[in-house]
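Protein chains: 2
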Amino acid sequence: MTKKWVYLFEEGNAKMRDLLGGKGAGLAEMTGLGLPVPPGFTCTTEACLEYLGNNNKFPEGLWDQILVAMETVNKKMDRKFADPKNPLLVSVRSGAKFSMPGMMDTILNLGLNDESVNTIAAQADPRFAWDSYRRLVQMFSKVVLDVDGHLFEEIIQEIKAEEGVTADPQVSPKGWQKAVEKFKALVKRESGVEFPQDPWKQLELAVEAVFRSWNGKRAIDYRNATGISHKLGTAVNVQSMVFGNIGNDSGSGVAFTRNPSTGENDFFGEYLFNAQGEDVVSGARTPTEVHKLQVEAPQAWEALMKVSKTLETHYKEMQDMEFTIQNGKLYMLQTRNGKRTAAAAVKIAVDMVAEGLITKEDAVMRIEHFQVDQLLHPRFDDASRKAAVKLTKGLNASPGAAVGEVYFDADTAEKKAKEEGKAVILVRPETNPDDVHGMLAAKGVLTQHGGATSHAAVVARQLGKPCVAGAEEIKIDLRARTMTVKGITIKEGDVISLDGAAGEVYQGALKTVAPDFDEQKELKIILGWADEIRKLMVWANADDPKQAKRARSYGAQGIGLCRTEHMFLGERTEKFQEAILAETDEEFNRVLDEVLLPLQREDFYGIFKEMDGLPVIIRLLDPPLHEFMPSKDELLVEVTRMEAKGETGAEYQAKKKLLAIVQDMSEFNPMLGLRGCRLGITMPGLNKMQVRAIFEAACDAAKEGVKVKPEVMIPLTSHVNELKHIQPLLEEVAEKVMQEKGIRVEYKFGTMIEIPRAALTADQIASVAQFFSFGTNDLTQMTYGISRDDAERKFLLRYADESDLNILPKNPFQTLDEEGVGQLIFMAVEKGRMVRPDLEVGICGEHGGDPESIDLCHRAGLNYVSCSPFRVPIARLAAAHAAIKNR
Amino acid sequence: MTKKWVYLFEEGNAKMRDLLGGKGAGLAEMTGLGLPVPPGFTCTTEACLEYLGNNNKFPEGLWDQILVAMETVNKKMDRKFADPKNPLLVSVRSGAKFSMPGMMDTILNLGLNDESVNTIAAQADPRFAWDSYRRLVQMFSKVVLDVDGHLFEEIIQEIKAEEGVTADPQVSPKGWQKAVEKFKALVKRESGVEFPQDPWKQLELAVEAVFRSWNGKRAIDYRNATGISHKLGTAVNVQSMVFGNIGNDSGSGVAFTRNPSTGENDFFGEYLFNAQGEDVVSGARTPTEVHKLQVEAPQAWEALMKVSKTLETHYKEMQDMEFTIQNGKLYMLQTRNGKRTAAAAVKIAVDMVAEGLITKEDAVMRIEHFQVDQLLHPRFDDASRKAAVKLTKGLNASPGAAVGEVYFDADTAEKKAKEEGKAVILVRPETNPDDVHGMLAAKGVLTQHGGATSHAAVVARQLGKPCVAGAEEIKIDLRARTMTVKGITIKEGDVISLDGAAGEVYQGALKTVAPDFDEQKELKIILGWADEIRKLMVWANADDPKQAKRARSYGAQGIGLCRTEHMFLGERTEKFQEAILAETDEEFNRVLDEVLLPLQREDFYGIFKEMDGLPVIIRLLDPPLHEFMPSKDELLVEVTRMEAKGETGAEYQAKKKLLAIVQDMSEFNPMLGLRGCRLGITMPGLNKMQVRAIFEAACDAAKEGVKVKPEVMIPLTSHVNELKHIQPLLEEVAEKVMQEKGIRVEYKFGTMIEIPRAALTADQIASVAQFFSFGTNDLTQMTYGISRDDAERKFLLRYADESDLNILPKNPFQTLDEEGVGQLIFMAVEKGRMVRPDLEVGICGEHGGDPESIDLCHRAGLNYVSCSPFRVPIARLAAAHAAIKNR
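Protein sequences, first through last, are from chains A and B. The numbering used here applies: residue 1 is where the first sequence begins, and numbers increase by one. The numbering used here applies: residue 1001 is where the second sequence begins, and numbers increase by one.
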């Protein structure tokens, strides 16, 4: 028995997305709900994979099953596919598991040919018949026979010119008939084959074309960019046609049950009278607001409202629907969970909890981490906005602030972004699937035409890119590579700024500022629910009081990493160099105590005050000292130049001496060299000064009533004896300071676990350290034997690129390598807690803000993750997701 | 009840070395065997530790137990300690668990004072009485009161001059009496206290002095140098005196049951008539050969022969004995396992197996790895020897060849060796414990005076340093810092060569050559027995046919690491640079195929022939390519200079371009960068060429009837996908070559396990790799986070130095870190074999030749260790030791 490759809509349901694709499952579910869905059937994703895997041959039984299914549809529609006298017309649409807007191909009106077009013309209306036929030839030829779409547009323009009209609906039946003739000639010329007159041949070729489109370049690029697996395949939906282009009581629309941009609970959509669905999406004609139907087609509107309510209640999710009204009657062509902006996602989730549709937990699970990220993206600074020249205002199609150089085609935009690393704004009359690679590469998108559901708007929202659509005021000259608005001409390469939330376009680069977290009321509600659910605490990495303040405002419950080396940079570097160059220990310690101690103390004091009541982990100096010295190569050039000039004076001598010192300090592999606690052990004065600064600051703050919880972190431990050596020396300093200040503060001493050996011997290390913090950047470098400074440039990006070497599933510096580094983390937590059951364990590498890595940290039983302040909200959400997923 | 701090000799035995020290246990054992041992007792090492740990106070009960024990001795000797009328005299000697020759202090004739000396003079002989007394004052004052020993020697010289004699025994009773008076005055002047007349006070102070000497600088230095623990403490032996200085039928001797230099089964030793034991050891008087006793004192000789036989049969080990003959009667003062040269150790072990005294396994266990090392130390080249000026011939006190600069005092010798890294020969009239630090630092030792059992000879043998002793022909002028022989004057800093085995001294530096392994018959027997015992195979690291040949001659059972990068060095570097600089892939591959392929093939062919029948693991190119390029810094200087001169020509342009390339290739942490299989994966042409060379060579050799077993090793794997990517490409090349050549060879593909992640995911890796080879150099670097290129210089040596930071028990690059790196090794073996039960696992890092690391490899279940050819014999022995120890 052959496999079941074909499902009638009534045979499927919403749970069969893997097999039927998103569109097919939605059509099946709606059919099951008794909603007005034109009958049809779905060829499964398995059929697609079988076809692609078998040298592009239909799997056995597929065609027979299509014939049988078509017979059922014929009966329901009381028509007959391929019968010239009573023809059934069908659409053929792709539908993968995950929505890939515009990526896959669609053909409408399939079944028409030179004979049946006359039947339709006679039965219905000649204009409609010939319009439908020319659409078929146009779409079919483009999709199946790969004829350049612009050539068809040129013919249409010619005919419109001949007839003296501008809009498609104004073209006469004769005009469309003429178009068909010209189209057919064009197809013959361009592809070498005739447009097939046999409807079954049309169907067969169309289904094959959809299957093949899964491996088209556009589809692969899109999946690479969005992380969708290449192994899913697409389903093909064959559905009997209903016609929005059959007169003025007909039309096609796209609508959302709620506003996908703001999340308001307000029906939202667009409608084109006397048009097929593709006209809405293409953006070629600007549609009307969907509420117009309330007046223009009240019955259909009422039906639409009912369907909308039914679907949202049924799916408990905002729906994105496509519908057609044929002679006043509503037909549903698609429903799916609607794409939305991050703001809308958050508002809808919160509202639906209030409406009793979903639980708080559902709401938390519905928000994805990248949406939080988008909400916290920078915005334009108000002052900067006021000072700038506003070029125009279009539709606020996708929110966010983008600054970049203008490019007018996707290829150039991609090239400038990828090869030259430029920030790019893609500006197009309108976008279509061929532009997606440029949109992916761009910081933002600006279109002259198209509405809120146009291709540009939908894709930009999905990609989280700022987009201003339908900015009709701008005039684009693609040949000259310029755009003009209000008399100002913007050339290719000029910089503009887009405010996607306001729909505004500015000349030049506006300054951006961090968003005001307090204004994100719904987000704060969601994160509050996340906080109730999660087991992991979320701490932040902050090196100064300002960062600490921001971290706390974002919900950080502690500082997991305060890097003291940043306190030696900038204007302080010179002082630190003075210490490093000191010729005696006395001089070294004098500079430390007199100059650096007060500076550090002040920093720490500020941080303790901001983090009143919360723990603050301060890491002792970590990087090798030569990082604070002048560049060896520059000194070498300088000294060589001086020598070439024959200089021998004091300046030359000083430079030469400095060069010798820097050369002596340089290391072949500094990452594995004299740094971290190795510095502390070989030059104990440095760490002692730091601990003194920490405890002086802590005591000072404590005296003012601040509840301080300093935790001193010793970096780069590889052997427990290092801790046994240095920790007591430092604890002694801490005790001494507290005695001097006459006040005691709660404190801990602990260590980074960032060397594989430390993880392997965590039981020994925990006998001394009171806390562990995984430094997963270094731990990854050493466990993987990969230097991050070099490897990404040299080979790692190629390793992790699915379309290149495809050796690593992920870049291990972005997402924790569970098999390798993760194994060490699990081992270290277990061993450490065996010796010290109350061991505090966290992570302070960059992985601390990565949701997938946070999931691992949850499973490993960490107490907290620590990440950059901006990632704190994401981490709060991700920690809740982890708690729910791993129950 | 207080602890037992004191044991009479009859209360102890040989097993109580920890408590009684080596000497004390030996005296007890001999007492138990009924041998003629003067009665006495031992204060335990525990008493010493208690004393030192308690602010240098005797532990409670010690003194009382000494009093009780002395009473027993009094009775046995029919004398009474501290009784002026019938005084018992005793010796006080140190005796730690491990022999530390000359390190600890000895006092003889204790119990004498101004009163009892007259009793002895009356009872025995005035010369003897006063000689004994002056010895007591001299030794006591030096050891207990810290008076400079030379001052006593000066007084003796004066008296000898006055009396017109040259040798000690010729000094008259009056002379010695005068010496005592002068000594006492000297002591008062130098130390501020009187020489104590109370024998009990003498005893108390003497015991304390021995205890304290455990922590003397000499003792600590010696223990640091030889790896003896500082926690053992020393015992104190108090023994009733017998006198070798009581007349010409008396004397003292030192003897070995077999020859400690050659191992011949021939009684060996030296004897001084009318002398105490210290006179023999000090080397101040040249003793006679012990066989003279056969004629001069036949009864004592017969007794000595009997004792010797008894002891060797009892201990089943060559014994080193001290004895005294008092008026013709033999007394035994010490027995212990005799120190011996490596050659003697091997011969004795083999002989004792033949004699049925010990088993083969005992014999194997008796040879220590450093002895094998010594036997394989370089020797002087015969031609070089003939061409050189032979300065003199002395005693062949300790074998081996040493070349170095002459220094005449231990401090300078140590300084030149340690601070300036010079090879040094220490030349002294004779040595004493104060010279040991100089002997440790020197390559060899030359003395003017002293015999085969003199301090210099004994210590040099123990340290394995070449030594020529008693080269009386040379005249040393310590003030002028020269030595003169045969009219030639050698100044400080001049180079000489010592042949310790021949006892010869040459002017200038002789060339050394590797020893002829085939001549080491006994060693080969021992290693043959080791081969029967061991479970680990021993392979060798060899990069060319010559090394492979040597490895095989030393017993290697395969090549565990053939590094191909060495094949790109030397004159071939230029060719390889040409490939690296190729601008197109075609050019790159052309250079590889036309130039490098034939070179590599030739190397491999030679190795396969040498290793006929044995496996050869060839590692594909490992180091980063920039290692084959000119130095970046040098280019930078060159280009800067050219710029300073205003050069713009072609040469400048070429240099500048090269600099840019080298700068682009350089990495921050090259060890973790683009190398190993990362190179192979990103530039597959390189590895393909290498595999082609390997298989062309293998097939060519196989056609000639050579049994080739090539194993291709892919370096630096971190993720199984790397192997999945590259291995099939390379296997394809191998198959293709075999097809071309029309012959098949047995082969394997496998990988280095040198990155922690590879060990952690060894199960996955073993699904592709057919063998593992632990690259423990890199594995240690990454597991420990330590760059070997930098760290030893920067901090690691201080970390591993017990007298400095003392953080690491060992340098992990010398001995495998069992807790960290070892954990990964155990894990990887287990995981790998779980997936591939017949997985071949070995080690090819430098640890492969380290005995302690070999023990770990045995326990981890490795198939083989691979080390440098010269270490193969050591590894064979160490593998047998591991097999025995871990049964």
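The beta carbon of each residue, even a glycine, is placed where N, CA and C say it ideally should be.
query                                                                                                                                                      : result
On a CA-only basis, which of A/L272, A/E10, A/G400 and A/K309 is nearest A/K292? Give me that one, please.                                                 : A/L272
A/I765 touches chain B at which residues, Cβ-Cβ below 9 Å?                                                                                                 : Chain B residues near A/I765: none, gap ~11 Å exceeds 9 Å.
In this structure, what does DSSP give as the bridge partners for B/S1240?                                                                                 : B/V1090
From A/T257, A/V238, A/A185 and A/T119, pick the residue whose C-alpha is nearest to that of A/E208; which is it?                                          : A/V238
Using 8 Å as the limit for Cβ to Cβ distance, is A/L561 near chain B?                                                                                      : no
Going by other Cβ atoms of all chains shown within 10 Å of its Cβ, with 16 needed for buried, is B/F1628 buried or exposed?                                : buried
Return the chain-ordered ranges of every beta strand (DSSP E) run that is complete within the stretch 96-131 of chain A and spans a minimum of 3 residues. : 106-110
Return the residues of the stretch 1823-1856 of chain B that lie within a Cβ-Cβ distance of less than 8 Å from chain A, sorted by chain order.             : Q1823 and L1824
Counting only C-beta atoms, is A/G646 closer than 8 Å to chain B at any point?                                                                             : no
How close, in whole Å, do the beta carbons of B/P1199 and B/A1082 come, if the pair is a contact with beta carbons under 8 Å?                              : 4 Å
Among the residues of its own chain, which have a CB less than 7 Å from the CB of A/L19, if the five just before and after it don't count?                 : T44, T45 and E46
Give a yes or no on whether 8 Å exceeds the smallest Cβ distance from A/V637 to chain B.                                                                   : yes
I'd like to know if B/P1756 contacts chain A, where contact means its C-beta is closer than 8 Å to some C-beta of that chain.                              : yes
Do B/Q1507 and B/I1488 have their beta-carbon atoms positioned less than 8 Å apart in this structure?                                                      : yes
Is the shortest distance between the beta-carbon of A/A660 and the beta-carbons of chain B less than 8 Å?                                                  : no
Looking at the C-beta of B/L1805, does it have a partner C-beta in chain A at a distance below 8 Å?                                                        : yes
For B/N1589, write down the residues that DSSP places opposite it in a beta bridge.                                                                        : According to DSSP, which records beta bridges pairwise, B/N1589 is partnered with nothing at all.
Who are the near neighbours of A/N118 in its chain, counting only those whose CB is closer than 8 Å to its CB and skipping five residues on each side?     : A129
Look up A/M321 in the DSSP assignment and give the residues it is bridged to.                                                                              : A/A255 and A/T335
For the beta strand (DSSP E) holding B/S1213, just list the boundary residues, first then last.                                                            : Counting along the chain, B/S1213 falls outside any beta strand (DSSP E), though it belongs to the alpha helix (DSSP H) covering P1199 to S1213.
What whole-angstrom Cβ distance do A/G328 and A/Q299 have, given they're in contact under 8 Å?                                                             : 6 Å
Listing by chain order, which chain B residues have their CB less than 7 Å from the CB of A/H719?                                                          : I1807 and L1808
Quick check on A/K316: does DSSP put it in helix, strand or coil?                                                                                          : coil
Quick one: grab the DSSP three-state call for A/W63.                                                                                                       : helix
Just checking: is the beta-carbon of B/H1725 within a distance shorter than 8 Å of some beta-carbon in chain A?                                            : yes
Would you kindly report the start and end of the unbroken alpha helix (DSSP H) that includes A/A766?                                                       : A762 to A766
Going by beta-carbon coordinates alone, are B/F1774 and B/L1839 separated by less than 8 Å?                                                                : no
May I have a chain-ordered list of the beta strand (DSSP E) segments no shorter than 3 residues that lie completely inside the stretch 557-613 of chain A? : 559-563
Beta-carbon of A/T682 versus every beta-carbon of chain E: anything under 8 Å?                                                                             : The chain inventory of the structure shown lacks chain E, comprising the protein chains A and B.
Go to A/A354, then tell me how far its alpha helix (DSSP H) extends in each direction, as first and last residue.                                          : A342 to A354
Relative to chain A, which residues along the stretch 1660-1674 of chain B have a C-beta separation below 8 Å, given in chain order?                       : E1667, F1668, N1669, P1670, M1671, L1672, G1673 and L1674
For A/Y7, list the residues DSSP reports as bridge partners.                                                                                               : A/T42
Does the beta-carbon of B/A1879 have 16 or more other beta-carbons within 10 angstroms, so that it is buried, or is it exposed?                            : buried
Determine which residues share a DSSP beta bridge with B/E1840 and list them.                                                                              : B/F1771
Quick check: what's the CA-CA separation for B/F1323 versus B/L1333?                                                                                       : 5 Å
At 4 residues or longer, and completely inside the stretch 1410-1491 of chain B: list those alpha helix (DSSP H) runs for me, N to C.                      : 1410-1420, 1436-1441 and 1455-1463
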